[in-house]
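A.B. asks:
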Amino acid sequence: MSKVSGEEEYELGGLHEVNADASATSYFMKDGERREIEEVEGRAVVREVNWKGHDILLYDLDYEKLPMVRYQVAFCLVMFLVFGLNDQTTGSLLPTLTEHYNISTFTVSNIFLIQLSGYTCASLLNEKVHRMGGVRGAMVIVCMLCIVPLLVMAMKPSHFYIYMICCFPLGLGLGVMDSAANVLIGNLTQNKNEWMGILHALYGAAAMITPPTVSYFVKWGHWNLFFLIPLICCTAGLVLIYPAFKFETTAKYNYLSTLDGDGNETADTGVDETSLFQILKNPVVVLYSIYMFLYLGAEITTGSWFFTYLLKTKSDNRIGMSYVAASFWSGITLGRLLLGFVTKRLFSTEYNASNAYSWLSVVFFSLFVAIGLLNYSSIFYFACMFVSMFFGGFFIGPLFPNASIVALQNLPPKLHISGMGTAVAIGGCGGAGLPYLTGLIIHSCGEEIIPFMSWSMVVAFTIVWYLYPRFIPALKDN
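Counting in our numbering, the sequence shown runs from 1405 upward without gaps.
Following this line, the structure appears as structure tokens:
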């Protein structure tokens, strides 16, 4: 009998000799009853807990043995494509929206404010949504919150305010999904650094292809049909939910919230929600929230306004400038993909790795500011701009996944969803609010201020990361 009352261990049976790529049906026996679980390779141990009258299946997040975990990873990857497409679409469509709806850049920037409202609600409702529907129910809600507005936007709304309102459910849904995906990938039993890098690299890849793709849709005369791409991805995610999360019930989420750091059930087995105030009393959550607020603000401000900056101050060649704008997201994508595999090999901890990457980001963003002060139209000039932003993105890229891993390492398990959810959603507020603030400043000072705004945010989150060990004792010895 294990530590938790009502918990028993069962060996998976019904397994056959199979090849490395094959699978076999598995089950566990209880009270003489055969209960099929999933297809598993090899022998493994699963646990079933009877908690408050609910049978809960517990298993490690081992994608090599459990196909359902592979489906969960696939779901996260697909939805992060949607995430990346969404975050860069607004910036890529800014000139088109102002022309199509005959409105000012200032009015269009209200989209960021609406998305900010969605992310804010996500930070407040994330825990409640998981308490009510478990991870499975939460992901169904996420997909529907994305599918409906994307369908409306693909139909080219007749009024801008309809388009703008659609950004609220998108911000809400993606805010909830963002935290859940980071927790799931961050808790994989193996290769979590690599998979976290791949997850965020897909986000960067989606954002990278958005400017040139949107430009071709605009040139075609049907910019609204671009939204069919994230719509198809969301539909695929919805299809994956049942095989991926069929055991992730409300009861399971509430049960896991009662466990302490050693996996033991605490004396208080109630399912009262942890208040936002209690969550924010944890210094890890506070620091992670501030860091993500500034980090996502820097990333999305740069990604969203860089294209506009190029068109307004450097060249009116939309196609050519879209490729220069893609340099930033190209760097982010490759940085997350490549540095995710070398972080553990070059640095003792993720914290130390991010320290180095942050300061390198400051260097290349400083170079971006310096180049922006010059005005040339030569290929060499734009090549220098491309290189500075590529490497700025390359080193800023792995900071998000590394920060998520550091947070998970220093948070108790019962705060993984609520703490990470709150921090990532607050970070999403920065990702929406700071680009909006930049829009206000641009309205007064002009587009020339954009490089300095991006640089100041990069410097700010670098300083916050540098101060981490002062408030998290576990990092002092790293």
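Glycine included, C-beta positions come from ideal geometry on N, C-alpha and C. None of the values given here were measured: they were computed from a predicted structure.
By how many angstroms is the C-alpha of Leu1555 removed from the C-alpha of Pro1877?
C.D. replies: Those two C-alpha atoms are separated by around 48 Å.
A.B. asks: Could you work out which residue in Val1580, Leu1462, Leu1698 is closest to Tyr1523 when comparing CA atoms only?
C.D. replies: Residue Val1580 is the option with its Cα nearest to Tyr1523.
A.B. asks: Let me make sure I understand the geometry here. Which of Gly1776, Arg1540, Gln1682, Ala1584 has the alpha-carbon closest to that of Glu1652?
C.D. replies: The option with the nearest alpha carbon to Glu1652 is Arg1540.
A.B. asks: Just to confirm, are Ile1854 and Tyr1713 a CB contact at a threshold of 9 Å?
C.D. replies: Yes, they are a contact pair.
A.B. asks: In the structure shown, what three-state DSSP assignment does Glu1452 receive?
C.D. replies: Note: Glu1452 maps to strand in three-state DSSP.
A.B. asks: Would you mind reading off the limits of the alpha helix (DSSP H) that contains Asp1491?
C.D. replies: First-last of the alpha helix (DSSP H) with Asp1491: 1471-1504.
A.B. asks: Around the Cβ of Cys1849, are there at least 16 other Cβ atoms within 10 angstroms (buried) or fewer (exposed)?
C.D. replies: It counts as exposed.
A.B. asks: Could you give the distance in angstroms between the alpha-carbon of Thr1866 and the alpha-carbon of Met1543?
C.D. replies: Cα-Cα distance, rounded: 33 Å.
A.B. asks: Once you ignore the five residues that flank His1534 on each side, which residues in its own chain have a CB closer than 6 Å to its CB?
C.D. replies: The answer, listed in chain order, is Ala1542, Tyr1657, Ile1821.
A.B. asks: Quick check: the Cα distance between Ala1605 and Leu1592, rounded to an integer number of angstroms?
C.D. replies: Their Cα atoms are separated by approximately 17 Å.
A.B. asks: Could you tell me the boundaries of the alpha helix (DSSP H) in which Asp1582 lies?
C.D. replies: Element bounds for Asp1582: 1564-1590.
A.B. asks: For Gly1834, I'd like the list of residues in its chain whose CB is within less than 7 Å of its CB, leaving aside the five on either flank, ordered along the chain.
C.D. replies: Closer than 7 Å at Cβ, skipping near neighbours: Met1696, Phe1697, Leu1698, Leu1700, Gly1701.
A.B. asks: Does the segment 1727-1738 come into contact with the segment 1789-1796, if we say contact requires no fewer than three beta-carbon pairs (one atom in each stretch) closer than 8 Å?
C.D. replies: Yes, they touch.
A.B. asks: Any idea what DSSP makes of His1820, helix, strand or coil?
C.D. replies: Here His1820 sits in helix by DSSP.
A.B. asks: Considering just the uninterrupted stretch of the alpha helix (DSSP H) at His1604, what are its terminal residues?
C.D. replies: Segment 1596-1624, the alpha helix (DSSP H) holding His1604.
A.B. asks: List the endpoints of the continuous alpha helix (DSSP H) containing Leu1461.
C.D. replies: It is not in any alpha helix (DSSP H) - Leu1461 instead sits in the beta strand (DSSP E) that spans 1458-1462.
A.B. asks: Measuring alpha carbon to alpha carbon, tell me which residue in Leu1528, Ser1719, Ser1496 is nearest Val1622.
C.D. replies: Comparing Cα-Cα distances from Val1622 to each of Leu1528, Ser1719, Ser1496, the minimum goes to Ser1496.
A.B. asks: Give me the residue from Asn1806, Val1552, Thr1826 with the minimum Cα distance to Ser1752.
C.D. replies: Comparing Cα-Cα distances from Ser1752 to each of Asn1806, Val1552, Thr1826, the minimum goes to Asn1806.
A.B. asks: Applying the criterion that 16 or more other CB atoms from any shown protein chain within 10 Å of the CB defines a buried residue, is Phe1711 buried or exposed?
C.D. replies: Answer is buried; the Cβ neighbour count reaches 16.
A.B. asks: Can you tell me whether DSSP reads Ile1876 as helix, strand or coil?
C.D. replies: Coil, per DSSP.
A.B. asks: Beta-carbon within less than 8 Å of Leu1574's beta-carbon, same chain only, minus the 5 sequence neighbours each way: which residues are those?
C.D. replies: Within the same chain, Leu1574 has close Cβ partners Asn1490, Gln1519, Gly1522, Leu1549, Cys1550, Pro1553, Leu1554.
A.B. asks: Quick check on DSSP: helix, strand or coil for Glu1851?
C.D. replies: Three-state DSSP puts Glu1851 in a helix.
A.B. asks: Do Leu1684 and Val1868 count as a contact pair if the criterion is CB distance below 9 Å?
C.D. replies: Result no, Cβ atoms of Val1868 and Leu1684 do not sit closer than 9 Å.
A.B. asks: Taking Gly1825 as the reference, give the member of Lys1532, Phe1631, Tyr1463, Gln1476 with the closest Cα.
C.D. replies: Of the candidates Lys1532, Phe1631, Tyr1463, Gln1476, the one whose C-alpha sits nearest the C-alpha of Gly1825 is Lys1532.
A.B. asks: Just to check my reading of the structure: Thr1509 and Thr1500 have Cβ atoms closer than 8 Å, yes? What is that Cβ distance to the nearest angstrom?
C.D. replies: Thr1509 to Thr1500, Cβ: 12 Å. No contact.
A.B. asks: Note down the Cα distance separating Met1536 from Ala1526, rounded to an integer number of angstroms.
C.D. replies: Distance between the alpha carbons of Met1536 and Ala1526 is about 14 Å.
A.B. asks: To the nearest angstrom, report how far apart Gly1837 and Phe1516 are at their CA atoms.
C.D. replies: Roughly 6 Å between the two C-alpha positions.
A.B. asks: Cβ of Val1587 versus every heavy atom of the ligand FAD: is any distance shorter than 8 Å?
C.D. replies: For the structure depicted, the ligand FAD is absent and the ligand set is empty, with no information on it obtainable.
A.B. asks: Among Tyr1780, Val1828, Thr1705, Thr1654, which residue has its Cα nearest to the Cα of Gly1457?
C.D. replies: Minimum Cα distance to Gly1457 is reached at Thr1654.
A.B. asks: Report yes or no: do three or more beta-carbon pairs, one from the segment 1465-1483 and one from the segment 1799-1814, lie closer than 8 Å?
C.D. replies: Counting Cβ pairs under 8 Å, fewer than three are found: no touch.
A.B. asks: Could you give the DSSP three-state label for Asn1779: helix, strand or coil?
C.D. replies: Three-state DSSP puts Asn1779 in coil, outside helix and strand.
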